[in-house]
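Reading through the structure tokens given below for one structure.
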Amino acid sequence: MTYDALLADRVRACLGGSPHDERAMFGGLAFLVGGHMAVAAGGGGGLLVRCDPVDLPEHGATDGVAPMVMRGRPMTGWLHVAAEAVEDDDALRHWVDVGLAYVAGLPAKR
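Under this note's numbering, the first residue of the sequence shown carries the number 205, and numbering increases by one thereafter.
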């Protein structure tokens with residue numbers, strides 16, 4: 205399954221001119237800042253978002269948002285945001301900002 209190219213373009217627009225890298229990962233397109241994946245246009249649709257594990261319950265209470273599960277294993281610190289939950293540009297911006305805020309606190313990878 206391939207990622208939603210339109211969603212990837214919308215994520216790029218949210219990132220503006222911010223320095224970032226893009227890599228094909230897990231069937232999607234990941235957006236990395238400082239070497240850390242912040243968000244990805246998911247291979248199965250929707251968005252994969254990195255967040256503080258402490259905030260998972262709060263974020264997971266939002267409609268269309270759930271903890272990420274990969275191959276039957278919950279991925280601590282990751283959320284899956286359904287495509288329907290990011291149809292609105294403000295909603296997409298919110299989730300991109302969640303991912304960016306988390307990776308901003310991590311040391312840059314070399």
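All C-beta atoms in this analysis are idealised placements derived from N, C-alpha and C, irrespective of residue type, glycine included.
Asked: Proximity below 9 Å, CB of Arg319 to CB of Tyr306; Found: Within the shown structure, residues of the chain are numbered from 205 to 314, placing residue 319 beyond reach of any answer.
Asked: Given 8 Å, three or more beta-carbon pairs between the stretch 288-307 and the stretch 231-249; Found: yes
Asked: Start and end residues, beta strand (DSSP E) containing His284; Found: 277-285
Asked: Span separating the alpha-carbon of Val269 from that of Pro223; Found: 27 Å
Asked: Every unbroken beta strand (DSSP E) within the stretch 215-285, with a cutoff of 3 residues, ordered by chain; Found: 225-229, 232-237, 240-245, 251-254, 269-274, 277-285
Asked: DSSP three-state assignment for Tyr207, whether helix, strand or coil; Found: coil
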